[in-house]
Structure formats: structure tokens, C-alpha cells
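Colleague:
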């Protein structure tokens, strides 16, 4: 990877790239299968109950790195900071959301189980941290398994060029979060293979919630177009079908300022062109500044990549007062649909009163050492299945 | 020599005289073909490299032309910055266009242009930097005039497309292209294994060749790259940007076609050679069989002629004896008895001659024979015959024992034959000497007489069958040919020296066998 490695601590202020390793050290109770259904991880069994509750039976062979078993108390304590309430039931642990409208499954998918010991957090995952520097996080498998990845070094290179060069030289075996235009570097390299996975985030132009609904509707129609998609992404594959509305136009008004950060500059420029006279300044800022201006409401539109999968995750972003709703968006119909766990209705509410123009959902791309026999990405965390990868020996 | 060996020899001779020249010609032709194949491959690689270089030049020219047009059209408009930003959507390869003024801070200036170049750009001159690697792709900083003094439009050209073009060049299955900048840094590599060097900037084996070629050195058209692979290469350079394009292909693949042709032709030539030998061998065997059959008939005819002649002679004598017996004259009885005894002896020798002819020489029957003792045995065997002819038989021993391996019976028959001939050739009161020689792995028995000698023209046909001139009724003409047959079969030879009026010497030479234990000595009998 390239960028800052950051701290390796659950819920840390500066998670950085090190957070990729969290699922290997700190297990979650559940993850998702390819169909979006909950599948047990640390849990031996998971069952959705009526309403929003989830019943989980803990796997009794799970232990923390010090060898002590994972207990119900550990789960109760671990899930509490994630906004979940865990109570003992007759056949397991009953998990519910403490926050109104925030689905328990969406919160549960982000919650890790841990235990604090001597000021440090222990996990029950297959790996344990063996060492860390500013640029490398070293993890080893607690119980080495033949034919599997037993030693992982998460290397944070300063630039993509360094990361690519080291991967091409064989110093690194996996590189994730690639743009399709960079695949050119890795094609024809016998020691590497390209691995694709489903994309769960959609590049979008998010509107300031203060914009009138009618304007947001028009904006969504104008921006979620093939023209914008082609301008912004060229021939990159987007899963969206052509949603352009040739007749859509914007009413006269003040130019709309577009805040852009990270890799979204072309998207912002494409959006501005699509807006015509209503396209205002495009300001490319650092992510922290973008966050600050969003919190201050100092934007008309901002680029981003909100989660679209699983459907319940939309509650974390679009529900009124949701923790990640930094856009001032509020839609009572959507809130009701989320509360009722009616995701079709929620999607309809989003279409009826769009918080954003959803432009392009792209698959995930990774380059993996060709000796790894069964690499796959996701389905939830990009490298969550790495402990199951088999190595050709 | 067996018929098979003769056939093989004949077939090999035919092959050597007929096919081998063709084979040599083929090898020569194949060599030329191989050289031409290599040259053609190199020319093809060269052409690809030149095409790639031409595309680079065209691409960069187009980019600069587009930049100039945009700068003139937009550079002086009030919303130039916004329009320039929009340009990057339509022409991402042009990079981010920006206006550069005298007051533009240094941090906003193109990083690879020198202050002097920036100053020149502000004076209205087009300037461009060397190629460098910006993040992941080759890039080049360019400033063009905007049409107003003190304003230039600058950008960083994104040469990703060029990199892609070079990297997508494929020659055969394993051939690829490389692009180098002026310093020999790899900018694009079609070979996946070399692509890390594009990003890391580490020199590759071809870097020094590229810089040398750019400076005018001859192109390295065939060399070994670091994995030790023999590669053919074509090179092209372009002055602006100072890039070098190399197109490489493993020689093994480039020359596969020529090599296959060479292989097929070589195999064809070899097959022809083998076939010619096989067919030649089969044909030669058939021909030899025919010749042998004819020879047998001829031999049988000669034998029949000889036998009928000799038996006719004997029959005439027997008829005379019969006539004498028919007179019932008792006085004839002693002559009749004597004549019959003579004829019986003659007929015995006649039969013995034939018996010798039918006995084959088999190495399994060989045993050690000491020639001095052997000569004595021969003298004993011929002594009675010599005495009857009043000829003295002498043996001259070698100073040391002389051993040979052989069929004692047949060798004695041969030696006795020579001794008998020598006795017959000698005058009454004359002498015949059996001389034994040895040393240096050689053994010899010479039979010398002091008779009338043999005419030179007769010597050359002495060993031919049925060539005897004696025809006395006891000579079938098989004696000397049989001697030669026996001696040659022992690995030896027979020669003769003769001087008219002085006598003849027949020399039997045999391979020596070194010291051996004494051989059983059996008395020789006169044939």
C-alpha cells in the first residue's frame, strides 16, 4: 500500500493503512457472504430475529492471544462502543442497536471483539502483531498452518510508484486499491495476477442538504449520466446503467461550488461541465479540510464514495442524524423505511429525494502473487479472506 | 570378407560418393539460410523499433501542437484557468494546463524546467524539459507562448499513452519493446519482468547500449540479456525527446522458423543418406548374391573341367591297365600291380585335395603352434616324397621359438603343399629349405627351392584356382589357391619371389602370438 501506516488500534484516531489488518487480529462476530447475508465468524451461529435484533451464539473454541477463551462478557463489552446493546438470551446473545434507526447488522459488521489487558487490546483472530515500525506492520499467524499465509508484513510505501516498483520486484506480494489504468504495469508479469472483487462504494457527488429537493432531483438527473461517467472514468467499468436524462436541465441560479478531495478531481470537473452555467468553482482540498468544510456546511456539492452495500449500510450515511451523515441530509420517508428495515422503500426514498448523484460503482482491483492459489477480495473488508488464502509450495 | 560387409562397404561407397556431397551442399545451404533468417529477423525488429519511434515523435508533436493551439486560443481569456481545467477532461494527456506569469511562485512552476527556460518561455519561446518519471508515468514539462508577452501556458505532458504503446508492442510470443531516455533510464518495458526498473529507475542491461546508441555507437543487434538469454534486437533513436527504442526478441524464438527449416532439411539429408545406405546395402546384397551364384557356376564348371580332364587321364591309364590285364599275360602282372598302386595313390591325393577345400578355417579350432617344431613336422611329412625325387629337405630354425595360433591340420596341409611344389620344382640332387623367421609380432615360414624358377607373368596368376600349368594328372590347380585361402583365414599372407634359373621362395607370414606352451605335435602327412 502507499500512504501513512497509522496506528494499529481499534477505533484509533489515525487508523491509516494499518486498519486493513484489523480483521486478521480482531475478529468480528459476523461478516457477509456474497449474497449480502450475515455469516458467522467468531459466532458459531447467527440468526436474524423479528425487528432489528440478531441472535448470536458464540463459538466456544475461540481464544484470545493469551489463550483465554472469548466469553460473553467480552462480546458485551466489545460491542458497546459500536452502539450495540448485547444481552444474554436463552440460546445465545441478543444484539440490538442502541441508536434509533441505526440497523444492528450494519453496526455489527463494523464491530470487533477484543479484550483489554495491561493497557493493550487482544484479539481472537488468526494473527497477532509481532512488530511495528512507521512503515511496516508485522503479523504472524498464532498457529502456523501449512500451505497458508503465516507471516504478513503490511508495508506502507510513501508513493504509489514505490509500492508498484516493490510489487513488481517481488518485495511485496499483494497490492490493493488499484485504478484500472494502472493495471497496464502488471499485465504480462508472470509472477503476479490480477484479482477483482465487487465494489461496495459508489463514487458520488453529494449535495448539501440545504439545497431544495427539486434542485437535488434535477442535479441527480443531470449528473448521474453516461456523459459524466465517461468524462470522469473513461473506459473504466461502472456497474451503473446509463441513467442520463437527456431532457433534464437546471433552473437558473447561482453557480454551485464543488468540493473535491483525493482521487475525485476528474469527477468534480466532469460534474462541473455537466452543470453548465451552474457549475461553479472546483476546489481540490485535502481530506481533513474537506471533512471540516462538510461539517461546517461550507459546500454545495462534495465528491465522495458512500457505501451502498449491504443495503443497511445506507442508514449509517443517509439517515437523519446518522454518524456519517455530514451533509445535512434529512428525509423522513427514508428514515421510516430504514426503521422498518424496508430497503426497497429506502432506495425509493433516496431516488425520490436524492442526497447525491451516484455516478459509478467500480469493482475492487488487486495484484496478488501468482503463487497464491485462491485469492479473493472482500466481500466486506477488502482483505478479510487473506487468512484463508492458500499458497502454492 | 562376408557378403554383408561387402554390401555395406558398397552402400557406404555409393553414399559417400553420391549423397555426402549433397549433404555437404545442404549444410552449406542451411548455413546461408540461417544467416539470412537472422538478418531478416533483425531487420524486422529494426523496422518495428523505427515504427515505434516514429509514433513517439508524432504523438509528442501532436500534443505540443494541441498545447500551442489551446494556449493561443484560451491563454488570454479571463476564465482561462477554468477552461484549462476543463481541457484536462478531454485531453488528459495534456496534463493540467496553467498560466505562468513572472510573479508565479516557484512552487507553482513546472518542476523540470530551469529558471532560464521559464524566463525564455515568458519571452515567448517554447521550452520543454527532459523526460522524467512523474509518479508512475513518463512526463515532460512544456511551456508555450500564450500570445502575450510575460504570459506562458505550461503543463506537464502525461506520456502514459506512449508508455502503453511501447509496452503493448509484441513480437511473436516473447518479443517486446523497451524505451529509454537520454540517460538510459527505462521509461517503458514490454517485458513484465523488467517493469520494476521503470518505476525504480534502476539501470537494466540495455541501458548502457541505449545511451551508446543514442550517441552514435553501432546498434547491438545480438547480445545476451541478464537472464543469459540470447536476444536479437532492433534499435531506433529520436532526438526530441531523446529517447531510444529497442525491440528485442529471444533468438530462439526469432530464429525458430529458420531453425525448423534447418532441422527439416538436415533431417531430410540424413534420412536420404540412411535410405541410400539401406537401399544400397539391399541392392548390393542382391547383386552380390547374383554374382556369387554366377561365380559358383563358373567355379563348378572349372572344377568339372579339371576333374573331367584329370579323371579322363586316369581313366585312359586304367584302360591301358585293363588292356594289359585282358591279355592274361602273366608277365604283365607286376606292371599291372605297380600301375594300379600308383593310380590308387594318385586318386587318394586327388580326394585329399578336395577334402582340404571343404574344410573351413574356424578360430575356435586354433591352438598354439611353435613354427620351428612345425617346420620339422612338415619336413618329416614331405621327407618320403622328397627322397623319391632325390631332393634334400632342410630346415633352418629361427634362433628363438616362434609361436602362432592356428588350425594345425590346415596349416600343415598348406605347408606340405608348398614343400611338395618345391620338391617337384627342384632338380634331382637339389635341395629345398624350410626357413623359420620370427620377431616383432610376426612369424614366417619360407619354402625355398633352387629349381627353374617361375616366369614373372605366371606369378600373378599363381594363386588363381585351376591355373596349374602342370596338368600331370595329379594337380587340380587348387593347391596354391587353397594355401592362400588357409593362410589369409589365419590373418596372414602368402607371397612369392622367383628368379628364372635360380629358384623360388614362397613366404607364409602369420601373426605372432608371443610365447606359448608347447603344442601337441602330430606328424604331418604328405598330401
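Protein chains in written order, with the working numbering: chain A, 8 to 400; chain B, 7 to 533.
The beta carbon of each residue, even a glycine, is placed where N, CA and C say it ideally should be.
Computed from a predicted structure; not experimentally measured.
1. Could you tell me the distance, in whole angstroms, from the CA atom of residue 301(B) to the CA atom of residue 272(B)?
2. Spell out whether any CB of chain B is found under 7 Å from the CB atom of residue 315(A).
3. Going along the chain, which residues of its own chain have a beta-carbon closer than 8 Å to the beta-carbon of residue 82(B), five neighbours each way excluded?
4. Short check: CB of residue 135(A) to CB of residue 72(A), under 7 Å?
5. Using the rule of at least 16 other Cβ atoms within 10 Å of the residue's Cβ for burial, across every protein chain shown, is residue 146(B) buried or exposed?
6. Where does residue 23(B) sit, in a helix, a strand or coil, going by DSSP?
7. For residue 230(B), which option in 224(B), 238(B), 223(B) has the closest C-alpha, if you only look at C-alpha atoms?
8. Which residues in chain B have a C-beta closer than 7 Å to the C-beta of residue 172(A)? List them in chain order.
9. Which runs of the alpha helix (DSSP H) at least 4 residues long sit entirely within the stretch 71 to 104 of chain A? Give them in chain order.
10. Is the CB-CB distance between residue 277(B) and residue 410(B) below 7 Å?
11. Name the residue from 294(A), 183(A), 131(A) whose alpha carbon lies nearest to the alpha carbon of residue 66(A).
12. Is the beta carbon of residue 384(B) less than 7 Å from the beta carbon of residue 432(B)?
13. Just reading off the beta strand (DSSP E) that residue 365(A) is part of, what are its end residues?
14. Looking at the structure shown, is residue 421(B) part of a helix, part of a strand, or coil, going by DSSP?
15. Counting C-beta neighbours from all protein chains within 10 Å, is the total for residue 69(B) 16 or more, i.e. buried, or is it exposed?
16. Per the contact definition of three or more C-beta pairs closer than 8 Å, is the stretch 176 to 190 of chain A in contact with the stretch 209 to 220 of chain A?
17. Which of the three DSSP states is assigned to residue 293(B) in this structure?
18. What does a CB cutoff of less than 6 Å around residue 74(B) pick up in its chain, not counting 5 residues either side in sequence?
19. Does the count of Cβ pairs from the stretch 90 to 103 of chain A and the stretch 121 to 130 of chain A closer than 8 Å reach three?
20. Which complete beta strand (DSSP E) runs does the stretch 123 to 162 of chain B hold, if anything under 3 residues is left out?
21. Within the chosen definition, does the stretch 415 to 425 of chain B reach the stretch 501 to 515 of chain B through at least 3 CB pairs nearer than 8 Å?
22. Thinking C-alpha only, which one of 196(B), 169(B), 191(B), 190(B) is nearest residue 182(B)?
23. At a CB distance below 7 Å, what residues from the stretch 159 to 178 of chain B approach chain A? Give them in sequence order.
24. DSSP beta-bridge partners for residue 210(A)?
25. May I have the straight-line CA-CA distance separating residue 394(B) from residue 498(B), to the nearest angstrom?
26. Under the three-state reduction of DSSP, which class applies to residue 277(A): helix, strand or coil?
27. Shortest alpha-carbon distance to residue 506(B) belongs to which of 455(B), 469(B), 488(B), 484(B)?
28. Report buried or exposed for residue 38(B), applying the criterion of at least 16 other Cβ atoms within 10 angstroms of its Cβ.
29. Consult DSSP for residue 255(B) and reduce its assignment to one of helix, strand or coil.
30. For chain B, check one thing: does any of its Cβ atoms lie closer than 7 Å to the Cβ of residue 306(A)?
31. Taking the straight line between their C-alpha atoms, what separation do you get for residue 383(A) and residue 205(A)?
32. Could you give the first and the last residue of the continuous alpha helix (DSSP H) run that contains residue 350(A)?
33. Taking residue 17(A) and residue 36(A) to be in contact with their CB atoms under 8 Å, please state how far apart those CB atoms are, rounded to whole angstroms.
34. Is residue 191(A) close to chain B, meaning its C-beta is less than 7 Å from at least one C-beta of that chain?
35. In this structure, does DSSP put residue 121(B) in helix, strand or coil?
36. Mind checking if residue 196(A) is an interface residue toward chain B, Cβ cutoff 7 Å exclusive?
Modeller: Checking against the coordinates, here is how it stands:
1. The straight-line gap from Cα to Cα measures roughly 42 Å.
2. Not closer than 7 Å to any Cβ of chain B, the Cβ of residue 315(A) fails to qualify, so no.
3. 152, 153, 154, 157
4. yes
5. It is buried - the Cβ of residue 146(B) has at least 16 other Cβ atoms within 10 Å.
6. helix
7. 238(B)
8. 202, 205, 206
9. 79 to 86
10. no
11. Selected option, being the one with the closest Cα: 131(A).
12. no
13. 363 to 368
14. Looking at residue 421(B) - three-state DSSP - the assignment turns out to be helix.
15. buried
16. no
17. helix
18. 150
19. no
20. 138 to 140, 143 to 151
21. yes
22. 196(B)
23. Listed by position, the residues of the stretch 159 to 178 of chain B near chain A (Cβ gap below 7 Å) are 170, 173.
24. 367(A)
25. 32 Å
26. helix
27. 455(B)
28. The residue in question, residue 38(B), is exposed, as its Cβ has fewer than 16 Cβ neighbours within 10 Å.
29. In the three-state reduction of the DSSP assignment, residue 255(B) falls in the strand class.
30. No, residue 306(A) lies away from the interface with chain B (no Cβ there is under 7 Å from its Cβ).
31. Straight across, the Cα-Cα distance linking residue 383(A) with residue 205(A) is about 10 Å.
32. Taken as a continuous stretch (DSSP letters only), the alpha helix (DSSP H) holding residue 350(A) covers 350 to 359.
33. Not confirmed; about 14 Å, so no contact.
34. yes
35. helix
36. Closer than 7 Å: yes.
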